[in-house]
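Asks:
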Amino acid sequence: MATPGNLGSSVLASKTKTKKKHFVAQKVKLFRASDPLLSVLMWGVNHSINELSHVQIPVMLMPDDFKAYSKIKVDNHLFNKENMPSHFKFKEYCPMVFRNLRERFGIDDQDFQNSLTRSAPLPNDSQARSGARFHTSYDKRYIIKTITSEDVAEMHNILKKYHQYIVECHGITLLPQFLGMYRLNVDGVEIYVIVTRNVFSHRLSVYRKYDLKGSTVAREASDKEKVSKRACTKLPTIIMCSLRKTNPWKIKAKELPTLKDNDFINEGQKIYIDDNNKKVFLEKLKKDVEFLAQLKLMDYSLLVGIHDVERAEQEEVECEENDGEEEGESDGTHPVGTPPDSPGNTLNSSPPLAPGEFDPNIDVYGIKCHENSPRKEVYFMAIIDILTHYDAKKKAAHAAKTVKHGAGAEISTVNPEQYSKRFLDFIGHILT
1 MATPGNLGSS VLASKTKTKK KHFVAQKVKL FRASDPLLSV LMWGVNHSIN
51 ELSHVQIPVM LMPDDFKAYS KIKVDNHLFN KENMPSHFKF KEYCPMVFRN
101 LRERFGIDDQ DFQNSLTRSA PLPNDSQARS GARFHTSYDK RYIIKTITSE
151 DVAEMHNILK KYHQYIVECH GITLLPQFLG MYRLNVDGVE IYVIVTRNVF
201 SHRLSVYRKY DLKGSTVARE ASDKEKVSKR ACTKLPTIIM CSLRKTNPWK
251 IKAKELPTLK DNDFINEGQK IYIDDNNKKV FLEKLKKDVE FLAQLKLMDY
301 SLLVGIHDVE RAEQEEVECE ENDGEEEGES DGTHPVGTPP DSPGNTLNSS
351 PPLAPGEFDP NIDVYGIKCH ENSPRKEVYF MAIIDILTHY DAKKKAAHAA
401 KTVKHGAGAE ISTVNPEQYS KRFLDFIGHI LT
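Note that full-length UniProt numbering gives residue 292 to position 292 of the sequence shown, counting from 1, and the numbers run on in steps of one.
1) So is Arg141 buried or exposed if we call it buried at 16+ other beta carbons inside 10 Å?
2) Measuring CB to CB, does Phe88 end up less than 8 Å from Leu159?
3) For His202, I'd like the list of residues in its chain whose CB is within less than 8 Å of its CB, leaving aside the five on either flank, ordered along the chain.
4) May I ask which residues mark the beginning and end of the alpha helix (DSSP H) holding Asp35?
5) Could you name the residues of the same chain whose beta carbon sits closer than 7 Å to that of His389, not counting the 5 residues immediately before and after it, in chain order?
6) So for Pro416, helix, strand or coil by DSSP?
7) In the structure shown, what three-state DSSP assignment does His87 receive?
8) Using DSSP with H/G/I as helix, E/B as strand and the rest coil, what is Ala293?
9) Does the contact criterion of 3 or more C-beta pairs under 8 Å hold for the segment 161 to 175 versus the segment 285 to 293?
10) Based on the DSSP output, what are the partners of Leu212 in its beta bridges?
11) Please report the distance separating the alpha-carbon of Pro360 from that of Leu174.
12) Given this structure, state the Cα-to-Cα distance separating Thr3 from Ser115, to the nearest angstrom.
13) If you draw a straight line from the C-alpha of Leu259 to the C-alpha of Ala293, how long is it?
14) Put His429 into one of helix, strand or coil per three-state DSSP.
15) From what residue to what residue does the beta strand (DSSP E) around Leu179 run?
16) Using CA atoms only, rank isn't needed, just tell me which of His370, Tyr165, Lys161, Arg197 is closest to His135.
17) What separation, rounded to the nearest whole angstrom, lies between the Cα atoms of Asp35 and Asn76?
18) Helix or strand or just coil, what does DSSP make of Tyr146?
19) Taking the straight line between their C-alpha atoms, what separation do you get for Val378 and His163?
20) From the DSSP output, which residues share a beta bridge with Asn372?
Written as structure tokens, this is what we have:
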């Protein structure tokens, strides 16, 4: 338990005259967030990385590392009360394992710490059917997702095999990159969160987003979402420019509607990548999906984000023209910006990239379109939502949907082997 020291001895009455001391406040991270649980997450990640920095990296992980956890109960009383709750609990699962995974995915712990603690994560409008909520780190590199206690149990079930698989593929995979798993408790409210690498780019805007399973039953966005999509695509340039000029770490992340399989088919959408990229992508996908089938996992999706290079260039030109009409707009800052109460952002110190270009060490899921594509696009594609085990509950759901839609219907709830084959067939057909 962390508690402030007893200050009583410093104010004891004394008959002797003493010189008044002036103390300079030490600059500390404030972990300022609108949600107390987010403040606790920021505090906890900062604490965890600092603690791990003093722990020697082992030659190999031991079986107990996959069961280990660290937890701390904090009573702040009056310290930093404007930003942190007075009492909270923080628990990290398998800290040594996730540190090892971050290393294998090429993520430096200090960069990871900075991304999650320099400024509050941005809330994300999208919400999963399960009720999960999402946040994006302020620099858009990581996704923070709330999960259930059942998901935590499933992660523990697969973590050893998942880690072994990541070792064998040298971190080159389309599977989610799991980077940390935590439990937060504030005022009796308890949530579990998992942190993964963002599938989408931290700098290239995504204009269309699809969640693809290879199923056609009830696999389309609602009318409400489609109306939202049309509204988003027709936002006036002046509004887009205004958003860009606003401090980016204070902007709520506005998510595009998530379109699905039938939307993809009905729109005649295709993924235009060259033969070599297609071969490499499908080989990785096949290997990853076979691994998921071995673990009896199903109901996962391929998340696809599409960046339109020409549209982005046009918006940039229009924004610059609008900026030219106003005074004092050019300050030389990077689009991601530097959060308040922090030194210059070393994460964004690399030289600027040309339109449609990205750093493959950061945007690891990015693939450029081929030369003959009808539009100049960049695609960001990876597997998401892999924690659904084909258990008795899913078997019952499969039986119910089969009765409702017929044995030949392409329902999403099928056994892992059938799911993986159908998934691979569908994705193979949309790449051209």
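Positions of the beta carbon are idealized from the N, C-alpha and C atoms, including for glycine. Computed from a predicted structure; not experimentally measured.
Replies: Let's see:
1) For the purposes of this step, residue 141 is taken as the residue at position 141 of the sequence shown. With 16 or more other Cβ atoms within 10 Å, it is buried.
2) By one-based count along the sequence shown, residue 88 stands at place 88. By one-based count along the sequence shown, residue 159 stands at place 159. Cβ distance not < 8 Å, so Phe88 and Leu159 don't count as in contact.
3) Here residue 202 is taken as the residue at index 202 of the sequence shown, counted from 1. Excluding positions up to five away in sequence, the list reads Asp139, Lys140, Arg141, Val336, Ile362, Asp363.
4) Against the sequence shown, residue 35 aligns to sequence position 35. Where Asp35 is concerned, there is no enclosing alpha helix (DSSP H), given that its DSSP letter is neither H nor E.
5) Taking the sequence shown and counting its residues from 1, the one referred to as residue 389 is at position 389. Same-chain partners within the cutoff: Glu154, Lys296, Leu297.
6) For this step, residue 416 is matched to residue 416 along the sequence shown. Reduced to three states, the DSSP call for Pro416 is helix.
7) Translated into the one-based positions of the sequence shown, residue 87 becomes position 87. If DSSP states are grouped into helix, strand and coil, His87 belongs with the strands.
8) By one-based count along the sequence shown, residue 293 stands at place 293. If DSSP states are grouped into helix, strand and coil, Ala293 belongs with the helices.
9) yes
10) As a position in the sequence shown, residue 212 is number 212, starting the count at 1. The partner list for Leu212 (beta bridge, DSSP) reads Leu302.
11) Position 360 of the sequence shown, counted from the first residue, corresponds to residue 360. Position 174 of the sequence shown, counted from the first residue, corresponds to residue 174. Computed Cα separation, rounded: 14 Å.
12) Locating residue 3 in the sequence shown gives position 3, where the first residue counts as 1. Locating residue 115 in the sequence shown gives position 115, where the first residue counts as 1. With a pLDDT of only 44 at Thr3, under 50, the local geometry of the prediction cannot be trusted, and the value read off the model is given with reservation. Cα to Cα, the separation comes out at about 27 Å.
13) The residue you call residue 259 lines up with position 259 of the sequence shown. The residue you call residue 293 lines up with position 293 of the sequence shown. Going by the C-alpha atoms only, they are around 25 Å apart.
14) Counted from its first residue, the sequence shown places residue 429 at position 429. In the three-state reduction of the DSSP assignment, His429 falls in the helix class, which pools H, G and I.
15) The sequence position of residue 179 within the sequence shown is 179, counting from 1. Looking at the DSSP string, the run of the beta strand (DSSP E) that includes Leu179 is 178 to 186.
16) Locating residue 135 in the sequence shown gives position 135, counting from the first residue. Answer by Cα proximity: Arg197.
17) The sequence position of residue 35 within the sequence shown is 35, counting from 1. The sequence position of residue 76 within the sequence shown is 76, counting from 1. Their backbone Cα atoms lie some 17 Å apart in a straight line.
18) For the purposes of this step, residue 146 is taken as residue 146 along the sequence shown, with counting starting at 1. Correcting the residue identity first, residue 146 is Thr in this sequence and not Tyr. In this structure, Thr146 counts as strand in the three-state DSSP scheme.
19) By 1-based counting over the sequence shown, the position of residue 378 is 378. By 1-based counting over the sequence shown, the position of residue 163 is 163. Rounded to the nearest angstrom, the two C-alpha atoms are 30 Å apart.
20) Numbered from 1 along the sequence shown, position 372 holds the residue referred to as residue 372. BP columns for Asn372 are empty, so no partner.
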